[in-house]
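*Asks:*
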Amino acid sequence: MARIRGQAFLATGQAEICAVVSQHLETARVCAAELDCSLYGDDIRYLAAGRPDAVLIETPHKAQDEIAVWALEEDLDLLIGGSLACSLASGTQIAELAAQRGRIVEAGYQRRYDLAWEEIRRLVHSGVLGAPIMAVSMALWSPDPERWYYDQAASGGMPITHMSYCYLNAIRWIMGVPETVTAMANRKVETGPGRVLEETCAACIGFENGAFVSATASYAGPEGMDDAETRFVCSEGGIQVHTDSITVFQQGTAEMRSFKNTCSPFIRQAQAFLQALERREPANNPPEDALLDLQIGAAISLSARENRTVFLREGDRYDR
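Our numbering applies: residue 6 is where the sequence shown begins, and numbers increase by one.
Written out as C-alpha cells, the structure reads:
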C-alpha cells in the first residue's frame, strides 16, 4: 500500500517523495527506487533529513501510532493509510495533538474519493431510491498468521484492522449517523495467545434514521471464495456494488453504471490531501470524523465480549 499511495502522489504531478523509511532497510531501498527517491533508511530520523512537508504512514497500527505522534510533534502534516489509530485512546491523542499543532491529518478511507461510491451517496441522499433501509457487506481474507494482522496488540484488533474492508466508514458516510452496535465474534482457526480476539466477526450497526448495516468480516476466508457484493436497499430501489461498476435497481429496472476508466480514488485522495495542505482545511477524513470509526470498532469488540447492544452516545467504556 505504501507503493500504491506513493505512486498516487507522484501521479498528481504536484508532489515528490523525499524520503522512505521502513523497519527493514532492503524494503526501504526497493520502495524508494520505485518512487524515484534517493534517500531511504531504517530509522525514522531519515524522514526529517528529507525535509518533508507531510508524511504518509503505511505500517502496522501500533508502529503507526508512534510515528503519527512523532510527525505531529515535528509539525508535519499526515496522511495515515488506514484507520486513524489502533485504539480510541491513541486516536484521541492524535486528534488532540493535531488540533494543538494546527496540522492537517487525513485517515486513509479512500472510498470517499471513489467516483462509484460518490454516486451511491448522491443516489441515497437525493431520495430518488426512497428512504434507506439497510446495507450489507462482507470481507473475507486469510492472512499469514505470523504477520501483524493476526497480532492483537500490533493490529489493535480485527474490527479496527480488517472490518474497514466491509466499507463501514463509507457506508456510514452514505447512511447517516450511527447510534447502536450489536456484534458476535468467534475464533476457530488461530486460537493461540496473542492472536486477535475476534477472528471472525459480524456486526449490525443502527443509524438514527432507522436504517442499519450488517457487516461480516473474517480471517478464516477459504482460498478462492469471493466476498458477497455490497448492497444498499432503499424503500423504492437499491444499489449493488461491483468491482468497477454499480447496478441501480429502480421501478423494476436494473441499470449498470461503469466506473472502469475513471480516476483512481488513491490519486483523488492524494490530490485532495495536497489541496488541504495548501488551503489549511481538512479533506474528507479528518481526525474528528475518523475517531467515530475507532469508536465503532471498540463498540463491536465490547458488544461481542459482553453479548449486548452498545449505544454509541451513552458513554460506554470501549477500551476496557
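Glycine is no exception: its CB is placed at the ideal position from the N, C-alpha and C atoms.
All of these numbers come straight from a predicted model, not from anything done at the bench.
1) If distances are taken between C-alpha atoms only, which option among N290, A216, Q28 comes closest to V238?
2) Kindly confirm or deny that the segment 99-116 and the segment 70-90 touch, where touching means at least three C-beta pairs closer than 8 Å.
3) Tell me whether G11 is buried or exposed, calling it buried when 16 or more other Cβ atoms sit within 10 Å of its Cβ.
4) Would E283 count as contacting chain C if we go by Cβ distances under 7 Å?
5) Go to Q245, then tell me how far its beta strand (DSSP E) extends in each direction, as first and last residue.
6) Might you give, ordered along the chain, the residues of its own chain that have their beta carbon closer than 8 Å to the beta carbon of V26, omitting 5 neighbours on each side?
7) Are V110 and L83 closer than 7 Å when you measure CB to CB?
8) Rounded to whole angstroms, what is the Cα-Cα separation between K193 and T166?
9) Within 10 Å of its beta-carbon, does I9 have 16 or more other beta-carbons around it, so buried, or fewer, so exposed?
10) From the DSSP output, which residues share a beta bridge with N191?
11) Straight-line CA distance for P183 to F278?
12) Along the chain, where does the beta strand (DSSP E) containing A144 start, and where does it finish?
13) When you compare only the Cα positions, how much space is there between S263 and R127?
14) Looking only at its chain, what residues have a beta carbon closer than 7 Å to the beta carbon of L134, apart from the 5 residues adjacent to it on each side?
15) Can you grab the Cα-Cα spacing for the pair C42 / A24, in whole Å?
16) Quick check on DSSP: helix, strand or coil for C23?
17) Under the DSSP definition of a beta bridge, which residues are partnered with D156?
18) Please classify A295: does DSSP put it in a helix, a strand, or coil?
19) Of the choices I125, A94, Y224, T196, whose alpha-carbon is the least far from that of A144?
20) Below 7 Å between beta carbons: does that hold for V315 and S306?
21) So, do the segment 184-191 and the segment 201-216 have three or more beta carbon pairs nearer to each other than 8 Å?
22) Can you tell me the Cβ-Cβ gap for A73 and I62, rounded? I've got them flagged as a contact below 8 Å.
23) Is the separation between the beta-carbon of F271 and that of Q115 shorter than 7 Å?
24) Who are the near neighbours of Y332 in its chain, counting only those whose CB is closer than 8 Å to its CB and skipping five residues on each side?
25) Measuring alpha carbon to alpha carbon, tell me which residue in P65, W75, A140, R117 is nearest Q245.
26) Roughly how many angstroms separate the alpha carbons of G107 and Q28, rounded to a whole number?
27) Alpha carbons only, please: which of T64, P287, I125 is nearest the one belonging to Q274?
*Replies:* The relevant details are as follows:
1) Taking the first residue of the sequence shown as 1, we reach residue 238 at position 233. It is A216 whose Cα lies nearest to the Cα of V238.
2) yes
3) Residue mapping note: residue 11 aligns to position 6 of the sequence shown, counting from 1. It is buried - the Cβ of G11 has at least 16 other Cβ atoms within 10 Å.
4) Going by chain labels, chain C is absent from the structure shown, which holds only one protein chain.
5) As a working mapping, residue 245 is identified with position 240 in the sequence shown. Here the beta strand (DSSP E) through Q245 covers 242-246.
6) Taking the first residue of the sequence shown as 1, we reach residue 26 at position 21. Closer than 8 Å at Cβ, skipping near neighbours: A33, Y45, G46, D47, D48, I49, Y51, L52.
7) Locating residue 110 in the sequence shown gives position 105, counting from the first residue. Locating residue 83 in the sequence shown gives position 78, counting from the first residue. In contact: V110 and L83 (Cβ atoms closer than 7 Å).
8) Position 188 of the sequence shown holds residue 193. Position 161 of the sequence shown holds residue 166. Approximately 19 Å between the Cα atoms of the pair.
9) Along the sequence shown, read from residue 1 onward, the residue named residue 9 stands at position 4. Here I9 is exposed. Its C-beta has fewer than 16 other C-beta atoms within 10 Å.
10) For the purposes of this step, residue 191 is taken as residue 186 along the sequence shown, with counting starting at 1. Answer is T205, bridged to N191.
11) Counting from 1 along the sequence shown, the entry for residue 183 is found at position 178. Counting from 1 along the sequence shown, the entry for residue 278 is found at position 273. So the alpha carbons of these two residues sit roughly 26 Å apart.
12) For the purposes of this step, residue 144 is taken as residue 139 along the sequence shown, with counting starting at 1. Residues 137-145.
13) Within the sequence shown, residue 263 is the residue found at index 258, counting from 1. Within the sequence shown, residue 127 is the residue found at index 122, counting from 1. So the two alpha carbons sit approximately 16 Å from each other.
14) Here residue 134 is taken as the residue at index 129 of the sequence shown, counted from 1. Taking L134 as the centre and dropping the five residues before and after it, the same chain places the C-beta of L128, C239, E241, G242, G243, Q255 closer than 7 Å to its C-beta, in chain order.
15) Residue mapping note: residue 42 aligns to position 37 of the sequence shown, counting from 1. Residue mapping note: residue 24 aligns to position 19 of the sequence shown, counting from 1. Answer to the nearest angstrom: the Cα atoms are 6 Å apart.
16) Indexing the sequence shown from 1 puts residue 23 at position 18. Reduced to three states, the DSSP call for C23 is coil.
17) To locate residue 156, count along the sequence shown from 1; it is residue 151. Answer is R200, bridged to D156.
18) By 1-based counting over the sequence shown, the position of residue 295 is 290. It is helical.
19) To locate residue 144, count along the sequence shown from 1; it is residue 139. Ranking the options by Cα distance to A144, first place goes to Y224.
20) Within the sequence shown, residue 315 is the residue found at index 310, counting from 1. Within the sequence shown, residue 306 is the residue found at index 301, counting from 1. Their beta carbons are not under 7 Å apart, which means V315 does not touch S306 by this criterion.
21) Yes, since at least three Cβ pairs between the segment 184-191 and the segment 201-216 fall closer than 8 Å, the two stretches touch.
22) Numbered from 1 along the sequence shown, position 68 holds the residue referred to as residue 73. Numbered from 1 along the sequence shown, position 57 holds the residue referred to as residue 62. Confirmed, about 6 Å.
23) Within the sequence shown, the letter at position 266 stands for residue 271. Within the sequence shown, the letter at position 110 stands for residue 115. Yes, they are a contact pair.
24) The question about residue 332 has no answer here: the residues shown for the chain are numbered 6 through 325.
25) Here residue 245 corresponds to residue number 240 of the sequence shown, with the count starting at 1. That would be A140, whose Cα lies nearest to the Cα of Q245.
26) Within the sequence shown, the letter at position 102 stands for residue 107. Within the sequence shown, the letter at position 23 stands for residue 28. Distance between the alpha carbons of G107 and Q28 is about 29 Å.
27) Taking the sequence shown and counting its residues from 1, the one referred to as residue 274 is at position 269. Ranking T64, P287, I125 by Cα distance to Q274 puts P287 first.
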